[in-house]
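Chemist:
Number of protein chains: 2
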Amino acid sequence: MDHNKPISFLKIVPADLMPGLSIDCVIFGFDRKDLNILVLKWQGLDSWALPGGFIGKDEDMDIAATRILEERTGISLPYLRQFHTFGKVNRRNNSQDLDIIDHSNKKFAIPIRWLEQRFISTGYLSLVDMRQSKPTPDILSESCQWKPVKELPELLFDHMDIVKKALEQIRIQINHLPIGLSLLPEKFTMKDLQMLYESILNRDLDRGNFQKKMLKLGFLNRLEKQHTGASHKAPYLYSFNRSRYDALLNQGIGYMS
Amino acid sequence: MDHNKPISFLKIVPADLMPGLSIDCVIFGFDRKDLNILVLKWQGLDSWALPGGFIGKDEDMDIAATRILEERTGISLPYLRQFHTFGKVNRRNNSQDLDIIDHSNKKFAIPIRWLEQRFISTGYLSLVDMRQSKPTPDILSESCQWKPVKELPELLFDHMDIVKKALEQIRIQINHLPIGLSLLPEKFTMKDLQMLYESILNRDLDRGNFQKKMLKLGFLNRLEKQHTGASHKAPYLYSFNRSRYDALLNQGIGYMS
DNA sequence: ACAAAAGTGTTATCCTTACACCCATGT
DNA sequence: ACATGGGTGTAAGGATAACACTTTTGT
Numbered sequence: 000m001d002h003n004k005p006i007s008f009l010k011i012v013p014a015d016l017m018p019g020l021s022i023d024c025v026i027f028g029f030d031r032k033d034l035n036i037l038v039l040k041w042q043g044l045d046s047w048a049l050p051g052g053f054i055g056k057d058e059d060m061d062i063a064a065t066r067i068l069e070e071r072t073g074i075s076l077p078y079l080r081q082f083h084t085f086g087k088v089n090r091r092n093n094s095q096d097l098d099i100i101d102h103s104n105k106k107f108a109i110p111i112r113w114l115e116q117r118f119i120s121t122g123y124l125s126l127v128d129m130r131q132s133k134p135t136p137d138i139l140s141e142s143c144q145w146k147p148v149k150e151l152p153e154l155l156f157d158h159m160d161i162v163k164k165a166l167e168q169i170r171i172q173i174n175h176l177p178i179g180l181s182l183l184p185e186k187f188t189m190k191d192l193q194m195l196y197e198s199i200l201n202r203d204l205d206r207g208n209f210q211k212k213m214l215k216l217g218f219l220n221r222l223e224k225q226h227t228g229a230s231h232k233a234p235y236l237y238s239f240n241r242s243r244y245d246a247l248l249n250q251g252i253g254y255m256s
Numbered sequence: 000m001d002h003n004k005p006i007s008f009l010k011i012v013p014a015d016l017m018p019g020l021s022i023d024c025v026i027f028g029f030d031r032k033d034l035n036i037l038v039l040k041w042q043g044l045d046s047w048a049l050p051g052g053f054i055g056k057d058e059d060m061d062i063a064a065t066r067i068l069e070e071r072t073g074i075s076l077p078y079l080r081q082f083h084t085f086g087k088v089n090r091r092n093n094s095q096d097l098d099i100i101d102h103s104n105k106k107f108a109i110p111i112r113w114l115e116q117r118f119i120s121t122g123y124l125s126l127v128d129m130r131q132s133k134p135t136p137d138i139l140s141e142s143c144q145w146k147p148v149k150e151l152p153e154l155l156f157d158h159m160d161i162v163k164k165a166l167e168q169i170r171i172q173i174n175h176l177p178i179g180l181s182l183l184p185e186k187f188t189m190k191d192l193q194m195l196y197e198s199i200l201n202r203d204l205d206r207g208n209f210q211k212k213m214l215k216l217g218f219l220n221r222l223e224k225q226h227t228g229a230s231h232k233a234p235y236l237y238s239f240n241r242s243r244y245d246a247l248l249n250q251g252i253g254y255m256s
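Chains as they are written, first to last, in the working numbering: chain A, 0 to 256; chain B, 0 to 256.
In structure tokens, the structure reads:
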């Protein structure tokens, strides 16, 4: 049996899916300024939601997560990690949620009552470079957009709780996650890296101290300077020393707390 | 509908349970010396496993975890936290595992094929004072014992992976978990606290520095000394300043990383 | 007196913090 | 010349690590 055979979300065939189990993805993007999250707008509704889907009966959960994200947003991932499983009975039982389930059932001819069952959902998070991934909506969605964390629209179900938990986890585990590696392009400036940390930690860091700290940790390769035409000194570009970075993450990088 | 109604594990009635979903508990215990884990020995088999069970259709997952642990070991918990969900297709598919499932099916007259389905399992961890909880096995188990982490017996299915992940998580999140509060009795000595940290971090810490650091953090109440009759100075007893401790955990306590 | 474990002190070193200072560049 | 942002330096204070010293108690 091939456990990794991709299963299309768009054909919802309950017989092929794990019942009662879903996956929701919190995709963090970074654009040199703000931390963003990828959200989908459902067809014909003013409702935004996280990209999510279901798990094939013969599909590893991690692989399902990768597939779901790819199908729903067109993004293939460098990094995807489970962070929490949401198991409250009434996590999607307010009246608005029920309306939407009903609407979707009809619109997409999803087998009756499949969406109505109780779901326990596992949240996955990822960190990607916004400038290198152009999300494109699937047929269930009207659009697929990056929204700044600071001004998210209302989200369906308990998706706001899921986002909050993802943020909390990313902060707790900041010293153990390959934040920079995934959220930044191949080459980046020290300022880019600092702004990324500031976005995640939600506070300002001292420029000089940040620079010295990062350099001392020794996982950055300094490349040639690149002059952008701006009216000031050209910044160095950096790339990650991959093996050194991985080694440090295992121990937990001692960033400013 | 009452979402919190306890559902007996011992009556396995598939119609009342979430299919394909289970819970496994990694219960850490501490006895002033070693870090232990609670394991069950299955009836009539030489196999050890983590205490686990299933989730009622109208039961919150967190509440199911509490119930399962209580039913299977007799322990009621001060603290129980989800740490990972295990979703590999073949997590319990080696031949020994299948034998055991077959054996259990027959012995306990569990509805046919219930145990044979694919399960995705959420791991919960807890930290308890070994001296204050006397685990007692349920009827599925021959015994229920504490085993030192350093010399665990072979475990069924992927339970060893689950234990390893729990340990990894407890180390990564050590500054955010109420380690001491749950694993130690009401009153304890500084030595107790230090040995606990040493067990979890798996390395020695300097006695003098540890003492000073903990005192400076300010979440310990120093109580009267208690003389035990040993041939040396009597140590102070301490208790936790609960509100101060909670506040610090939110920020992340800066223990020696 | 001695061993054992608790409590505290000392010192060198390192890290963090808050700045200040100079450099390169376009206007 | 000046504003802007990049790179580096410095000095005070705090934290860490290694180890020494003193105290209490039973033998």
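Think of the CB as a built atom: it goes at the ideal place given N, C-alpha and C, for glycine as much as any other residue.
Here the structure is a predicted model, which means the values were calculated and not measured.
Is the CB-CB distance between B/Lys186 and B/Leu126 below 7 Å?
Modeler: No, Cβ-Cβ distance for B/Lys186 and B/Leu126 is not below 7 Å.
Chemist: Under 8 Å Cβ-Cβ, which residues of chain B neighbour A/Leu20?
Modeler: Going along chain B in sequence order, the residues near A/Leu20 (Cβ under 8 Å) are Gly19, Leu20, Ile119.
Chemist: Could one say the Cβ of A/Val38 lies closer than 7 Å to chain B's Cβ atoms, at least one of them?
Modeler: Answer no: the Cβ-Cβ gap between A/Val38 and chain B never drops below 7 Å.
Chemist: Is A/Ser242 near A/Ser120, with beta carbons less than 7 Å apart?
Modeler: No, the pair does not count as a contact, with Cβ atoms beyond the cut-off.
Chemist: Residues in its own chain within less than 6 Å of A/Leu200 by CB, not counting five upstream and five downstream?
Modeler: Closer than 6 Å at the Cβ level, and outside the excluded window around A/Leu200, lies no residue.
Chemist: Since B/Val25 is in the beta strand (DSSP E), which residue starts that stretch and which ends it?
Modeler: Counting along the chain, the beta strand (DSSP E) containing B/Val25 begins and ends at 16–29.
Chemist: B/Gly86 and B/Ile67: beta carbons closer than 7 Å?
Modeler: Result no, Cβ atoms of B/Gly86 and B/Ile67 do not sit closer than 7 Å.
Chemist: Using a Cβ-Cβ cutoff of less than 7 Å, which residues in the same chain neighbour B/Arg90 once the five nearest sequence positions on both sides are dropped?
Modeler: Excluding sequence neighbours, B/Arg90 sits near Phe156, Asp157.
Chemist: Give the DSSP bridge partners of B/Gln81, in chain order.
Modeler: According to DSSP, B/Gln81 bridges with B/Tyr123.
Chemist: Assign A/Gln168 to buried or exposed, taking buried as 16 or more other Cβ atoms, counted over all protein chains shown, within 10 Å of its Cβ.
Modeler: Buried: at least 16 other Cβ atoms inside 10 Å.
Chemist: Taking the C-alpha atoms as reference points, what is the distance between A/Asp203 and A/Thr188?
Modeler: Spanning the two alpha carbons is a distance of roughly 17 Å.
Chemist: Could you name the residues of the segment 149–178 of chain A whose beta carbon sits closer than 8 Å to any beta carbon of chain B, in the order they occur along the chain?
Modeler: Those would be Ile171, Gln172, His175, in chain order.
Chemist: Could you check where the alpha helix (DSSP H) with A/Ile62 kicks off and where it finishes?
Modeler: 60–72 is the extent of the alpha helix (DSSP H) around A/Ile62.
Chemist: Can you pull the chain A residues whose beta carbon is under 9 Å from the beta carbon of B/Met60, in chain order?
Modeler: By Cβ distance, chain A contributes Thr84, Phe85, Gly86, Lys87, Val88, Ile119.
Chemist: Ordered along the chain, which non-local residues of its own chain (more than five positions away) have a Cβ less than 6 Å from that of A/Lys84?
Modeler: In the sequence as presented, Lys is not what sits at residue 84 of chain A; that position holds Thr. Excluding positions up to five away in sequence, the list reads Thr121.
Chemist: Who are the neighbours of B/Lys56 on chain A, taking C-beta pairs under 8 Å?
Modeler: Correct list: Arg117.
Chemist: Just tell me which of B/Ser46, B/Phe29, B/Ala48, B/Arg80 has its CA closest to the CA of B/Ile62.
Modeler: Per the Cα distances, B/Arg80.
Chemist: Tell me which same chain residues have a C-beta within less than 6 Å of the C-beta of A/Asp33, skipping the five on either side of it?
Modeler: Excluding residues within five positions, the ones whose Cβ falls inside 6 Å are Pro147.
Chemist: List, in order along the chain, the chain B residues whose C-beta lies closer than 9 Å to that of A/Gln81?
Modeler: Simply His83, Thr84, Gly86.
Chemist: Please classify A/Arg206 as buried or exposed, where buried requires at least 16 other C-beta atoms within 10 Å of its C-beta.
Modeler: A/Arg206 is exposed by the Cβ-count criterion.
Chemist: Check this for me: beta carbons of B/Asp23 and B/Ile161, under 7 Å apart or not?
Modeler: Yes, Cβ-Cβ distance for B/Asp23 and B/Ile161 is below 7 Å.
Chemist: Pairs of beta-carbons, one from the segment 93–106 of chain A and one from the segment 90–106 of chain B, closer than 8 Å: are there three or more?
Modeler: No: the two stretches stay apart, fewer than three of their Cβ pairs being nearer than 8 Å.
Chemist: Please confirm whether B/Phe137 and B/Glu69 have their CB atoms less than 7 Å apart.
Modeler: Checking the sequence, you will find Asp at residue 137 of chain B rather than Phe. No, the pair does not count as a contact, with Cβ atoms beyond the cut-off.
Chemist: Enumerated in chain order, which unbroken segments of the beta strand (DSSP E) with a length of 3 residues or greater are wholly contained in the segment 101–170 of chain A?
Modeler: Counting whole runs of 3 or more residues, the segment 101–170 of chain A contains the beta strand (DSSP E) stretches 119–128, 140–147.
Chemist: How would you call A/Gly43, buried or exposed, if buried means at least 16 neighbouring beta carbons within 10 angstroms?
Modeler: A/Gly43 should be labelled exposed.
Chemist: What residues in its chain sit with their C-beta under 7 Å from that of A/Arg221, if we drop five residues either side in the sequence?
Modeler: Correct list, in chain order: Tyr235, Tyr237.
Chemist: Assuming B/Ser142 contacts B/Lys40 (C-beta within less than 8 Å), just tell me the rounded distance between them.
Modeler: That belief holds up - the Cβ atoms of B/Ser142 and B/Lys40 are roughly 5 Å apart, short of 8 Å.
Chemist: From this set, B/Lys133, B/Arg31, B/Leu49, B/Asn92, which residue's C-alpha is nearest B/Gly73's C-alpha?
Modeler: Residue B/Lys133 is the option with its Cα nearest to B/Gly73.
Chemist: Pull up the distance between the alpha-carbon of A/Asp15 and that of A/Lys56, whole angstroms please.
Modeler: Those two C-alpha atoms are separated by around 6 Å.
Chemist: Near B/His226, which residues of its chain fall below 7 Å by C-beta distance, leaving aside the five closest residues on each side in sequence?
Modeler: So the qualifying residues of the chain are Ala233.
Chemist: Nearest by alpha-carbon distance to B/Gln250: which of B/Gln193, B/Tyr196, B/Leu195, B/Asn174 is it?
Modeler: Nearest option by C-alpha distance: B/Asn174.
Chemist: With 16 as the cutoff for other CB atoms within 10 Å, does A/Pro50 come out buried or exposed?
Modeler: It counts as buried.
Chemist: A/Leu166 and A/Ile178 look like a contact to me (Cβ under 8 Å); what is the Cβ gap, rounded to whole Å?
Modeler: About 13 Å; that fails the 8 Å criterion.
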